[in-house]
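**Student:** When you line the sequence shown up against numbering that gives the first Met the number 0, it's residues 0 to 328, in that order. In this text, a Cβ means the ideal position worked out from N, Cα and C, and glycines have one as well. Got a structure here, written out as structure tokens. Questions coming.
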Amino acid sequence: MPRLWEQHCCPPLLPTADMGELGRYPLGSYLSINIGYAPHSAADARALAEQFRRDALADGRFRMVSGAEDAWPEPGADTVDDTSVLAFDLEDSNPLDGDLDNVDVFHELGLRSLLPTYNTRNAAGCGCLDTEDTGLTAYGRDLIGVLNEVGVFADGSHCSVRTGLDIARVSTVPMIYSHSNFAALHAHPRNITDDQARACAETGGVIGINGVGIFLGHNAPDEGAERVRAMADHIAYGAELVGIEHIGIGSDYSFDADEFNAMLADSPESFSEEYTRYGQLQWTPPEDFLGESGFPGLNQVLAERGFSDADRAAVFGGNFARVARKVWH
Ligand SMILES: [Zn+2]
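Structure, rendered in structure tokens:
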């Protein structure tokens with residue numbers, strides 16, 4: 000399996016989350032982990048970031064992100080391949096407490112990706128579950144400017160269509176969709192339109208394909224193999240639509256699916272019936288993380304469909320690494 004750049008995965012958002020679970024990923028991976036979303040304050044997200052840093056560094060198998068070169072060393076470089084690189088991402092701008100100086104504070108702690116709006120409208124713009132879509136606000140446009148300036152990915156996942164298109168228009172560097180599949184293949188408000196994908200690619204950005212059952216159309220617990228094949232379908236569709244150099248992976252893997260499903264049940268204002276009518280959400284890769292229904296299985300399916308070694312290396316990580324070299328500084 001090629002070296003992996005995981006652009007979004009989810010530990011439980013609790014100080015007791017076990018960072019050792021990230022050791023399920025192959026050493027040498029780049030892992031962007033979530034530290035907060037819409038209901039969290041700056042203090043909440045900061046406390047989680049500090050706790051996660053301490054625990055991950057104490058574990059010994061991880062190092063915190065610094066620059067793009069260290070996160071994804073070129074082949075043959077003097078690499079540290081016995082550790083994985085950790086970075087943080089925020090889903091929603093609410094954890095900035097309305098203060099754009101907090102982007103820099105979180106960047107110091109390891110933040111490298113932020114999406115302005117998680118599902119529903121906030122100070123920055125509209126989310127993918129809003130019925131009225133007015134895109135980014137003036138504050139949201141300022142936020143994108145600060146993300147560009149500090150060197151943090153501006154991420155359109157969970158945003159409304161127009162917010163996503165506005166990010167592409169406002170950002171002066173490549174934007175990303177960290178974990179979004181294609182609405183043309185499976186209709187769901189969390190999946191993006193072809194226009195959004197094209198606008199992202201035109202910035203030079205990358206779309207990370209996720210493995211969440213309800214966004215892939217295969218949410219039964221025993222459909223792990225179907226979810227992997229559906230991820231491959233979305234990768235192939237994206238490659239055809241915008242070019243393979245604009246497709247990556249942000250699996251959205253939840254390390255404690257029960258905890259996530261409980262959060263989903265407890266926070267109806269954040270999720271809506273578009274999520275909850277399916278019952279318990281299922282993820283790929285599931286328990287078989289490093290087997291047939293996990294990342295190696297996805298690699299195998301892509302190889303069988305004719306994706307070359309170079310194509311698969313680009314999708315598994317090279318593409319996001321290229322964007323990081325342009326956006327981080
Ligand atoms: Zn998400």
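State the Cα-Cα distance for the pair A264 and L89, rounded to the nearest angstrom.
**Tutor:** C-alpha separation (whole angstroms): 21 Å.
**Student:** Take the Cβ of H217 as the centre, count every other Cβ of all protein chains shown within 10 Å, and call the residue buried at 16 or more, exposed below.
**Tutor:** Its Cβ being crowded by 16 or more others within 10 Å, H217 is buried.
**Student:** Taking just the CA atoms, how far does H178 sit from G210?
**Tutor:** Answer to the nearest angstrom: the Cα atoms are 9 Å apart.
**Student:** Excluding sequence positions up to five away, which residues of its chain have a Cβ less than 7 Å from the Cβ of V64?
**Tutor:** Cβ within range, chain order: A70, V84, L85, A86, G109 and R111.
**Student:** Which ranges would you report for the alpha helix (DSSP H) in the region 40-104 if only whole runs of at least 4 residues count?
**Tutor:** Those alpha helix (DSSP H) runs which fall completely within the region 40-104 and span 4+ residues are 41-58 and 67-70.
**Student:** Taking H245 as part of the beta strand (DSSP E), name the residues at either end of that continuous run.
**Tutor:** First-last for H245: undefined, no H or E at that position.
**Student:** Are there 16 or more other CB atoms within 10 angstroms of the CB of A198, so buried, or fewer, so exposed?
**Tutor:** Answer is buried; the Cβ neighbour count reaches 16.
**Student:** Using alpha carbons as the reference points, say which of F105, T136, L114 and T192 lies closest to V149.
**Tutor:** The shortest Cα separation from V149 among F105, T136, L114 and T192 belongs to F105.
**Student:** Mind listing, in chain order, the residues whose beta carbon lies closer than 7 Å to a non-hydrogen atom of ligand 3?
**Tutor:** The model depicted lacks ligand 3 and carries ligand 1 instead.
**Student:** So, using beta-carbon positions, are D98 and L135 closer together than 8 Å?
**Tutor:** Not a contact, by the Cβ cut-off of 8 Å.
**Student:** With 16 other CB atoms within 10 Å as the buried threshold, where does G162 fall?
**Tutor:** At residue 162 the sequence reads Thr, which differs from the Gly that was named. Buried.
**Student:** Can you find the residues in the same chain that come closer than 6 Å, C-beta to C-beta, to A44, ignoring five residues on each side of it along the sequence?
**Tutor:** Result list for A44: I34, G35 and P94, in chain order.
**Student:** For W4, which option in A309, G27, A16 and R60 has the closest C-alpha, if you only look at C-alpha atoms?
**Tutor:** Looking at the Cα atoms, G27 is the closest of the given residues.
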